[in-house]
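Colleague:
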Amino acid sequence: MRCLVTGATGYLGGRLVPRLLAEGHEVRCLVRDPAKLRDVPWADRVEVVRGDVLDPATLTAATAGVDVVHYLVHSLRDKDFADADRRAAEHTARAAAQAGVRRVVYLGGLHPSGPLSPHLASRTEVGDVFLASEVPAVVFQAAVVIGSGSASFEMLRYLTERLPVMVTPRWVHNRVQPIAVRDVLRYLVEAVGLPDGINRTFDIGGPDVLTYLDMMRRYAVVAGLPPRKVLPVPFLTPRLSSHWVNLVTPVPRAIAVPLIESLVHEVVCHEDDARRLLPGPVTGYDRAVELALAKVRDADVETRWSGASVPGAPSDPLPSDPGWTGGSSYVDVRERRTPASPERLWAVVEGIGGEHGWYSFPLAWAVRGWLDRLIGGVGLRRGRRDPRRLHVGEALDWWRVEEVERGRLLRLRAEMRVPGLAWLELRVAPGPGGGSVYRQRAVFVPRGLAGHLYWWAVWPWHGLVFGGMVRNITSEAELTS
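Throughout the sequence shown, residue numbering follows the working numbering, covering 70 to 550 in sequence.
1. What residues in its chain sit with their C-beta under 7 Å from that of Glu472, if we drop five residues either side in the sequence?
2. Just verifying my parser: in three-state terms, what is the DSSP assignment at His460?
3. Evaluate Lys298 with the Cβ neighbour count: other Cβ atoms within 10 Å of its Cβ, from every protein chain shown; 16 or more gives buried, anything less gives exposed.
4. Provide the residue span of the alpha helix (DSSP H) that contains Val198, from first to last.
5. Among Val497, Arg486, Glu330, which has the Cα closest to the Cα of Ala519?
6. Using a Cβ distance threshold of 8 Å, determine whether the region 196 to 216 contacts the region 230 to 243, with at least three qualifying pairs required.
7. According to DSSP, is Gly169 part of a helix, a strand, or is it coil?
8. For Val400, does the count of other Cβ atoms within 10 angstroms reach 16, so buried, or fall short, so exposed?
9. Is the beta carbon of Pro456 less than 9 Å from the beta carbon of Pro488?
10. With DSSP as the reference, please indicate the residues paired to Thr237 in a beta bridge.
11. At the level of alpha carbons, what is the spacing between Gln246 and Pro350?
12. Between the region 348 to 364 and the region 187 to 202, can you find at least three pairs of beta-carbon atoms closer than 8 Å?
13. Taking only runs that begin and end inside the region 112 to 169, name each unbroken alpha helix (DSSP H) of 4 or more residues, in chain order.
14. Going by alpha carbons, who is nearest to Ile267 out of Val173, Gly446, Glu223, Ser331?
15. Three-state secondary structure (DSSP) at Phe209?
16. Three-state secondary structure (DSSP) at Tyr51?
17. Whose C-alpha, out of Leu279, Leu263, Val170, is nearest the C-alpha of Arg344?
18. For Gly392, which of helix, strand or coil comes out of DSSP?
19. Report yes if the CB atom of Tyr281 is closer than 9 Å to the CB atom of Asn315, and no otherwise.
20. Considering Thr75, what are the terminal residues of the beta strand (DSSP E) in which it resides?
21. When DSSP builds the beta bridges, which residues end up paired with Asp272?
22. Apart from the five residues just before and just after Pro205, which ones in its own chain have a Cβ nearer than 8 Å to its Cβ?
23. Within a Cβ cutoff of 8 Å, which residues of the same chain sit near Met284, ignoring the five residues on either side of it in sequence?
24. Is the region 76 to 96 touching the region 130 to 141, taking contact as three or more C-beta pairs under 8 Å?
25. Rounded to a whole number of angstroms, what is the C-alpha to C-alpha distance between Leu179 and Asp272?
26. Identify every residue that forms a DSSP beta bridge with Gly503.
27. Within 10 Å of its beta-carbon, does Val302 have 16 or more other beta-carbons around it, so buried, or fewer, so exposed?
28. At what residues does the beta strand (DSSP E) containing Ala483 begin and finish?
29. Applying the 10 Å Cβ sphere with the 16-neighbour rule, what's the burial state of Pro321?
30. Using CA atoms only, rank isn't needed, just tell me which of Val336, Ser310, Val337, Glu335 is closest to Ile329.
31. What ranges does the beta strand (DSSP E) occupy inside the region 490 to 546, keeping only unbroken runs of at least 3 residues that lie completely in it?
32. Of the residues Ala151, Gly183, Leu128, which one's Cα is nearest the Cα of Ala166?
33. Tell me whether Val400 sits in a helix, a strand or coil according to DSSP, three-state version.
34. Determine the DSSP secondary structure at Arg469, reduced to helix, strand or coil.
35. Are there three or more Cβ pairs, one per stretch, closer than 8 Å when the region 98 to 106 is compared with the region 119 to 128?
36. Use the C-beta contact count for Ser331: other C-beta atoms within 10 angstroms, 16 or more gives buried, fewer gives exposed.
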């Protein structure tokens, strides 16, 4: 069949596409920025349509000739996210009906009856929009997804590994039915072949029903950690818990809030019809953790939660004209020749960040990362998906990879909280007569007076930070040549 995948640059969408292709389906991806799919291994096997689920015109083009729409979009970025999600679902349902689509497949959140958190209520509303539309819909509802790179797994992993003694809120005693990411993907793929006319929700979960506290304790056993000690504290609300998660884990508060709010409810399956209609192996919790940890150890994480756009982060590309629009900008340019080969120098450049760090004044980078986390930013702890190779659109600590020209250019756009827009550009070129030339350019476009004051406040540190980067990156390339 021909499947349209929305959210193909996200955590689940990026894993679903190759599995649909492996089953012989044709795949079309609707994405806001096609460049984010440029470097994925299956890029030349799919059709890419630039557009947005909030734009009816691009949805019309994207759904034309499609049999099944996989809808994997969920907004976290604005105060009116619920309204945006509802309108996007309505536009998609309308376009699917006009195009004669056979089925919509949507993944929502498992939830109890009664009052829900705003994010869980929004996801439920989106499912209701599809179920009420002219096109039959299969709405899967899952709780915590256990898989390498998922936000839920990263939160669980870091809380358990970093806190041998845990102060726990009341919600960790609520029951949860986690599901392995491989099982979620199997359901999403096999939903394509369900009988026509099915229009309903399906609760999906793994075979284990646990409390979140049980999940942390069993994670520790699987990971070979000493038993975790727990001190229950009844006054830790979900909002306070999200601040704690923001400080301890790589998951920023904007994403931690909806994750924790969903755990305030007991989320267990009320039926298992999906397992009956789509029989297949199910993965137990301990095995799901083992598989996820193996992927992390082998640096074989397909997609990560950080691949999705950060709520409120800038998306403006670096203008090619330095004097763009008559506005002011600040630029710090540094250059150094090195006897190291361009290939070796590029290997150091592309391996920057994450465990390798930023080759200058680690304390300054760490402090700036902590300050960013304290005000709700992403900080430095997002790391990188692959220790050696970068792709356009992926997260790299507090940066987003905006452009990669292999062997020549790496351009990063800042997603930390600053009063303006910032980029860091690293270039490698062959040197005259041998060796290579490393050129580094930092660009800052201030927003208002605060932006100008910010630049001049940090300017005295540029010699240490940016100057140190130039010296240490080239020195590292020379040492390993």
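Even glycine gets a Cβ: it sits at the ideal position worked out from N, Cα and C.
Modeller: Let me lay it out:
1. Val461, Leu478, Arg480, listed in sequence order.
2. coil
3. exposed
4. Segment 187 to 200, the alpha helix (DSSP H) holding Val198.
5. Arg486
6. With the cut-off at 8 Å, the region 196 to 216 and the region 230 to 243 do not touch.
7. coil
8. exposed
9. no
10. Answer by DSSP bridge pairing, in chain order: Pro301.
11. 16 Å
12. no
13. 125 to 132, 150 to 168
14. Val173
15. strand
16. The requested residue 51 does not occur in the structure, where the chain is confined to residues 70 to 550.
17. Leu263
18. At Gly392, the pLDDT of 42 sits below 50, so the modelled position is not reliable; the number obtained from the coordinates is stated separately. Gly392 falls in the coil class under three-state DSSP.
19. no
20. For Thr75, the uninterrupted beta strand (DSSP E) segment begins and ends at 71 to 75.
21. DSSP lists Gln210 as partners of Asp272.
22. Arg171, Arg172, Val173, Asp265, Gly266, Ile267, Asn268
23. Only Val213, Leu225, Val245, Pro247, Tyr354 meet the Cβ criterion.
24. yes
25. 7 Å
26. Beta-bridge annotation (DSSP): Gly503 is not paired with any residue.
27. exposed
28. 478 to 483
29. Buried is the label assigned to Pro321, since at least 16 other Cβ atoms lie within 10 Å of its Cβ.
30. Ser310
31. Counting whole runs of 3 or more residues, the region 490 to 546 contains the beta strand (DSSP E) stretches 505 to 515.
32. Scanning Ala151, Gly183, Leu128 for the CA closest to the CA of Ala166 turns up Leu128.
33. strand
34. strand
35. yes
36. buried
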